[in-house]
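Below: the structure, in structure tokens.
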Amino acid sequence: MNPLLRWLHQLGSPPTFDRFAARWSPWGYGLGALAMAVGGYLALFVVPADYQQGDSFRILYVHVPSAWMSLAIFALMALYAAIALIWRIKLCEVLAMACAPSGAAFTLITLLTGSIWGRPMWGTWWDWDPRLTTELILLFLYLGVIGLYGAVDDRRSGARAAGLLAIVGVVLLPVIRYSVQWWNSLHQGQTIRLFGESSMDPSMIAPLWWMVIGTHLWFFGALLARARADNLRREAGKDWVSTRVGVRS
Amino acid sequence: MNKVGSRADGSANQNPSAADSWRQRGSDDRPLTMHTADDPAIAAPTLLTSARALIARDLRLLWRRRGDALLPALFALMVVMLFALALGGRRAVLAGHAVALLWVAVLLAGLLSLDSLFRGDAEDGSLELWLLAPVPLAWLVAVRTLTHWAATVLPLVLATPLLGELLHLPRAQLGVLVASLLLGTPLLSLLGAVVAALTVGMPRSGILVALLALPLYVPVLVFGAGSAAAFAQGLDPAGALLLLGAGLALALVLAPLAAAAAIRIALN
Amino acid sequence: MSTSTTPGPLLSVQGLRFARNERPVFGPLDFTVDAGQALLVRGDNGAGKTSLLQVLAGLLQPDAGHIAIGGRWTDNHARSRHIAYLGHLSALKADLTALENLRFACGLHGRRAQRSLQAALETTSLTDYDDAPVRTLSAGQKKRLSLARVWLSPAPLWLLDEPYANLDLDGIGLVNQLISTHLVDGGAALITTHGAYAAASVRMRELLL
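Chains as they are written, first to last, in the numbering used here: chain A, 1 to 249; chain B, 1 to 268; chain C, 1 to 209.
Structure, rendered in structure tokens:
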């Protein structure tokens with residue numbers, strides 16, 4: 001068997017995954033924090049102020065990576081859920097559900113930073129900007145997945161049901177996005193977009209990539225940590241858990 | 001009395017090729033006891049016979065509790081009244097928002113009635129009968145959802161002209177509004193069926209159902225109410241209506257499949 | 001009514017295993033049931049009797065193992081034609097009459113040749129109640145109605161979960177008689193029960209969970 005496939009298959013066993021997650025999760029958090037610190041420093045102190053928006057545009061460096069993560073995590077969650085439903089792989093159920101809280105957090109950050117960024121331009125804390133409105137609906141989708149998973153007693157059924165919801169959500173997300181854009185153009189004409197299609201000066205892009213890499217690494221760490229916790233909870237009562245946790249030597 | 005333990009002890013494990021003689025009797029799908037020619041019994045249910053049986057059952061059930069059939073319409077009326085009271089009842093204000101208010105009222109009434117889609121059958125074990133039927137579960141779900149729509153939401157849509165009068169809806173907008181509702185509400189029912197199927201095992205899932213359904217309902221509401229609003233602005237509503245129609249066609253195929261998968265998961 | 005003279009078993013189970021919430025419920029199980037045979041599934045509460053029947057019926061997915069009907073390994077959906085299931089829930093609509101419930105069940109599952117709805121009610125002594133809403137029936141009468149539904153099913157394999165529950169002595173006799181006739185006709189049955197109500201012909205083989 002292909003060594004990669006073999007390794008993936010081994011990873012599916014709960015004790016092996018626990019070891020893997022325990023080992024690599026701190027790296028994800030650590031390197032992610034480091035990258036975000038570098039990106040943050042560059043964003044706040046090195047990059048020159050925008051000639052149009054002044055210093056307030058700097059929040060873009062938090063807003064944009066968060067927005068990208070909120071969408072990417074949802075797609076990843078749906079992918080894990082699809083694998084879990086089709087091939088009935090337990091680990092993928094756990095991974096899918098572990099994605100949801102991180103994704104919801106990133107969505108919330110996107111909304112908050114978007115609101116803060118928009119305030120100087122709009123004059124209010126909220127303007128039904130199509131991108132932000134889509135993010136708001138995305139937040140509801142995440143909360144729905146989390147809520148459904150928590151509402152079902154049997155964790156496996158709950159994970160499968162919430163996974164199915166995630167798949168339905170990811171299929172409908174482009175439709176939702178398009179419909180919100182259409183709605184916006186119908187009722188409000190063109191609003192000032194949060195950031196236009198104009199390309200950014202190369203000197204301004206570097207911090208963005210640092211932040212993107214940083215958030216990805218951070219998410220990797222968070223995903224492994226959360227999946228590990230869920231894995232342990234599911235397997236509670238088994239011998240290897242007692243041994244690992246130290247109750248029994 | 002032979003005791004068959006949990007391990008194979010003497011009872012031969014048949015491999016697939018051992019029972020060829022049984023298979024040669026006829027198609028593998030035919031049940032063991034053959035039917036004689038003089039009794040035109042229902043041998044195996046087809047899509048049509050099962051659909052007819054389900055529709056007949058649902059209509060009978062509806063008739064036995066025909067009082068309940070008015071509840072969605074009453075709820076929509078209440079929503080309209082509350083909005084009229086809250087907005088001040090002035091003609092110009094209400095007329096300007098009539099389309100949106102009516103769409104929301106119909107949407108909410110439909111959302112409330114979603115609970116009755118599968119819950120009764122789940123509670124008395126009828127869903128198990130559906131699962132064990134030789135016809136695809138998705139087919140039964142589709143038939144049930146459309147019957148439910150016709151019984152609970154369609155009367156509401158037909159009552160829209162009356163509700164529109166309460167909100168001083170401009171006559172010219174009525175046509176597009178009803179068209180958008182006729183295309184949009186079955187779509188809402190189909191999407192709602194997926195949500196209802198996901199929560200069918202849960203005892204008190206009211207708010208959760210609304211939370212799950214809301215993101216899925218947004219595009220339908222946008223294009224539905226938007227088509228009438230576009231028409232009011234002098235734009236062509238055909239694009240939005242066609243999108244609704246396309247969505248409905250897709251949902252007719254995909255939503256029952258998703259709902260059937262959800263029911264299987266929920267009953268596990 | 002043609003009797004099956006097949007040499008192979010009607011139901012064949014290999015390595016069947018089922019777990020819920022990571023806790024094993026039953027398994028691995030290997031057994032067969034031939035046409036004309038009954039298998040009595042005994043066990044304490046929580047031993048997994050109901051789960052076993054639900055897995056066989058296709059309502060639950062097993063964690064491992066294979067199930068064959070009439071010599072063909074099948075997945076869930078392909079099995080449904082060959083199975084009549086009587087579970088804990090009655091699957092009866094309270095607002096409909098006995099006849100209407102039976103008519104609906106036959107519409108979904110088919111009806112066995114030369115068995116009419118009226119005959120089903122006669123067999124289960126419910127002819128006086130054919131017009132009454134099921135809501136008005138007692139627990140024992142509802143059980144008889146469910147048995148009538150199974151009696152009407154064209155499927156050869158009966159999976160009966162606690163068929164004797166809620167029944168008086170007459171009802172218990174009825175269940176045993178229905179099962180015996182079904183076995184003579186060439187069908188097979190798996191029955192779970194707590195108590196020792198099953199008649200001699202039914203207690204042919206036992207499976208202890």
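For glycine and all other residues, C-beta sits at the position ideal for the given N, C-alpha and C.
Asked, Found
"Comparing C-alpha positions only, which one of C:V55, C:L96, C:R103 sits nearest to S134 (chain C)?", "Checking the sequence, you will find Val at residue 134 (chain C) rather than Ser. If we check each option's Cα against that of V134 (chain C), C:L96 comes out closest."
"Can you look up I116 (chain A) in the DSSP assignment and give me helix, strand or coil?", "helix"
"Would you kindly report the start and end of the unbroken beta strand (DSSP E) that includes L40 (chain C)?", "38-42"
"In the DSSP assignment, find the beta strand (DSSP E) that holds Q52 (chain A) and state where it starts and stops.", "Looking at the DSSP string, Q52 (chain A) is not in any beta strand (DSSP E), and its letter there is neither H nor E."
"Inspect the CB distances between the stretch 95-108 of chain B and the stretch 54-70 of chain C and report whether three or more fall short of 8 Å.", "no"
"Assign Y142 (chain A) to buried or exposed, taking buried as 16 or more other Cβ atoms, counted over all protein chains shown, within 10 Å of its Cβ.", "buried"
"Using DSSP's beta-bridge definition, name the partner residues of A84 (chain C).", "C:W158"
"Give the interface partners of S126 (chain B) over in chain C, defined as CB-CB distance under 7 Å, in chain order.", "A91, K93"
"Give me, in chain order, the residues of the same chain whose beta-carbon lies closer than 8 Å to that of A213 (chain B); leave out the 5 immediate sequence neighbours on both sides.", "L111, L114, L191, G192, V195"
"Name the residue from B:A76, B:A92, B:G89, B:R119 whose alpha carbon lies nearest to the alpha carbon of L154 (chain B).", "B:A76"
"Which chain A residues sit within Cβ distance under 8 Å of I265 (chain B)?", "S157, R160, A161, L164"
"Taking the alpha helix (DSSP H) that V237 (chain C) falls in, what are its first and last residues?", "Here chain C covers residues 1 to 209 and nothing more, so residue 237 (chain C) does not appear."
"Nearest chain C C-beta to S50 (chain B) closer than 8 Å, yes or no?", "yes"
"Comparing C-alpha positions only, which one of B:A266, B:G247, B:F223 sits nearest to V276 (chain B)?", "The structure shown does not extend to residue 276 (chain B), since chain B is modelled only from 1 through 268, so no value can be given for it."
"Beta-carbon within less than 6 Å of A259 (chain B)'s beta-carbon, same chain only, minus the 5 sequence neighbours each way: which residues are those?", "V141, A193, V194, A197"
"For P156 (chain C), is the classification buried or exposed, using 16 other Cβ atoms within 10 angstroms of its Cβ as the cut-off for buried?", "buried"
"Output yes if chain B places a C-beta closer than 8 Å to the C-beta of L60 (chain C); else output no.", "yes"
"Here's a check: name, in chain order, each residue in its chain whose Cβ is nearer than 7 Å to the Cβ of P9 (chain C), leaving out the five neighbours to either side.", "T32, V33, D34"
"Are P170 (chain B) and A95 (chain B) touching if we call contact CB-CB under 8 Å?", "yes"
"Quick check on the burial criterion: 16 or more other C-beta atoms within 10 angstroms. Buried or exposed for R57 (chain B)?", "buried"
"Let me know if Q141 (chain C) comes out buried or exposed under the rule of 16 or more other beta-carbons within 10 Å of its beta-carbon.", "buried"
"Let me confirm a value: H35 (chain B) is counted as buried when at least 16 other C-beta atoms fall within 10 Å, else exposed. Which label applies?", "Here the model assigns H35 (chain B) a pLDDT of 36, short of 50, so the residue's position is not dependable, and the following value carries that caveat. By the neighbour-count rule (16 or more Cβ atoms within 10 Å), H35 (chain B) is buried."
"If distances are taken between C-alpha atoms only, which option among A:P14, A:H216, A:L4 comes closest to S102 (chain A)?", "A:H216"
"What is the C-beta distance between G32 (chain A) and L211 (chain B), in whole angstroms, given that I count them as a contact (C-beta under 8 Å)?", "Between L211 (chain B) and G32 (chain A) the Cβ distance is about 31 Å, and since that is not below 8 Å, they are no contact."
"When DSSP labels each residue in this structure, what does F118 (chain B) get in the three-state scheme?", "coil"
"So, does the CB of L143 (chain A) fall closer than 8 Å to a CB anywhere in chain B?", "yes"
"Which residue marks the beginning of the beta strand (DSSP E) containing G187 (chain C), and which one marks its end?", "Taken as a continuous stretch (DSSP letters only), G187 (chain C) belongs to no beta strand (DSSP E), as it is neither H nor E."
"For the structure I just gave you, are there three or more beta carbon pairs, one from the stretch 224-242 of chain A and one from the stretch 4-24 of chain A, closer than 8 Å?", "yes"
"Compare the C-beta of P256 (chain B) with all C-beta atoms of chain C and state if any pair is closer than 8 Å.", "no"
"For L145 (chain C), which option in C:L208, C:N101, C:A57 has the closest C-alpha, if you only look at C-alpha atoms?", "C:N101"
"Of all the alpha helix (DSSP H) runs that stay within the bounds of the stretch 152-182 of chain B, which reach a length of 4 or more residues?", "154-158, 160-166"
"Taking L186 (chain A) as the reference, which of B:A225, B:A159, B:G164, B:T185 has the closest Cα?", "B:A225"
"Relative to the C-alpha of G291 (chain A), which candidate in A:L138, A:G158, A:V152, A:A159 has its C-alpha closest?", "Only positions 1 to 249 of chain A appear in this structure, which leaves residue 291 (chain A) out of reach."
"Does DSSP classify T110 (chain A) as helix, strand or coil?", "helix"
"Would DSSP call R103 (chain C) helix, strand or coil?", "helix"
"Of all the options C:I191, C:H182, C:T124, C:D185, which has the alpha carbon lying nearest to the alpha carbon of D168 (chain C)?", "C:T124"
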